[in-house]
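Here the sequence shown is numbered in the numbering used here, starting from 269 and rising by one per residue.
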Amino acid sequence: NDRTLATPPAPGDLERPPLPVPGCEACAWLAERRETARAAFDHSAVTDANVLLRQHQRKEHEG
Numbered sequence: 269n270d271r272t273l274a275t276p277p278a279p280g281d282l283e284r285p286p287l288p289v290p291g292c293e294a295c296a297w298l299a300e301r302r303e304t305a306r307a308a309f310d311h312s313a314v315t316d317a318n319v320l321l322r323q324h325q326r327k328e329h330e331g
């Protein structure tokens, strides 16, 4: 199982919401999705958007 070898994120990484990378359409879209959810008080959707944004950034911007 590949997930057993995954290292967990550093504790500080989860304390703040991720910031979108300037000029990245995917980051901007996910950040907008998060803000829409926040305005609707949909905390679950805010968390989902944060998770997706972190995953996208790890895959596309830290590789």
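Every residue, glycine too, gets a C-beta built ideally from N, C-alpha and C. All values reported here derive from a predicted model rather than from experimental measurement.
Hey, H329 and L298 are a contact pair by Cβ (cut 8 Å); roughly how many whole angstroms apart?
No, H329 and L298 are not in contact; Cβ-Cβ is about 12 Å, not under 8 Å.
Rank K327, R326, N318 by C-alpha distance to the C-alpha of R301 and give the top, closest one.
N318
Can you give me the Cβ contacts of C286 inside the same chain, cut-off strictly under 7 Å, excluding the 5 residues immediately before and after it?
Note that residue 286 corresponds to Pro in the displayed sequence, not to Cys. If we look at P286 and ignore the five residues flanking it on each side, its Cβ neighbours are N318, L321, R322, Q325.
Quick one: is P290 buried, meaning 16 or more other Cβ sit within 10 Å of its Cβ, or exposed?
exposed
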